[in-house]
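Taking our numbering, the leading residue of the sequence shown gets 1338, the next gets one more, and so forth.
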Amino acid sequence: MAEPDPTLVEPVRERDLPRYYSVLFAPQNVREELFSLYAFAVEAEKVADVVQEATLGEIRLTWWRDSLDLAVAGQASGSPIVDRLALALRERGLSADALVALTEARHGDLYADPPATLADLEGRMGETQSSLFQLGGLFLGGEAGEIAEAAGHAGIAYGVAMSLWDGARARARGRLVIPSELLQTVGLSPQEAYSAEAKELVAPIGELVTFGRMHRSRAAAALRNVRGRARSAFLPLHAADVLLARIARDPTRFLVSPQPMPALSVLSRMVFAGFGMGR
């Protein structure tokens, strides 16, 4: 069987390494579909980093959404990522609604306003991350009802961990994942948080780490209902464990300078967890 198209693989390897690793534990005949799903999400996430004006970002995100609609209807979109993903959705009779919602949620990345509350953060992570756990599990043969709760909590835990790990880059670009309600507890407005000393954000980051770990724990409990190969879609949660632990030890480090993904630690956790899943 041919290896997955590099056009699908490389965006995931470059920007979402834990999910890239997780696909390697999936059956070979599903890997290309999974890479197309995660590559689509990566391309939507990248928009905010490559545009200079929010209006241009709005146009790009609308193009991704409209291209997916076109491809799901059976027409060529002009994007190998979108065309392969749409084929996978059609073959499984799955709706593209969650991916449309993902592109809509990414519009928020184009602006400086952080989420107002933890509930708002949960909603954002649900649309941008939980949907990927859900669809990944479905691509791997899981049942929607068995996956849903685990996917919901997993997306929040993973999204918080990855966002905090990228805190220095995001802050430099004028974006912040820390909700306004947590900033207010230390007397900071969102605007002040961008220029505040890193030590002033230690307490809010600690709250977010606790929040992420709470959802990680709930995801672990819900994963008892997820059977078979679908469990490999949840392997990125082990990256969240590694990242949250390191952030908790030294929160300011992740606001001062960008940190490389601890690839070996993440992969070793996944290998250990993946032994019992079967291939």
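For each residue, glycine too, the CB sits at the ideal point set by N, CA and C.
- In this structure, P1588 lies near G1543, with their beta-carbon atoms less than 8 Å apart.
- Shown here, A1363 sits in coil according to DSSP, grouped into three states, outside any helix or strand.
- Residue ranges of uninterrupted beta strand (DSSP E) with 3 or more members are absent from the stretch 1472-1505; none lies entirely inside it.
- Taking C-alpha positions only, V1419 is separated from E1380 by approximately 10 Å.
- Distance from the Cα of E1441 is smallest, within the candidate group A1449, E1464 and R1421, for E1464.
- L1393 and G1565 have their C-alpha atoms some 43 Å from each other.
- Nearest to V1497 by alpha-carbon distance, out of L1447, R1510, P1597 and D1578, is D1578.
- Short of 7 Å from the beta carbon of S1594, and not among the five residues preceding or following it, lie these beta carbons of its own chain, in chain order: A1505.
- By the CB criterion at 8 Å, A1385 and R1443 fall inside the cutoff.
- A straight line joining the alpha-carbon of A1556 with that of L1469 spans about 14 Å.
- Distance from the CA of A1507 to the CA of D1353, rounded to the nearest whole angstrom, comes to 16 Å.
- Apart from sequence neighbours up to five positions away, the residues of its chain that approach P1451 with a beta-carbon distance below 7 Å are L1513, V1514, I1515, P1516, S1517 and P1527, ordered along the chain.
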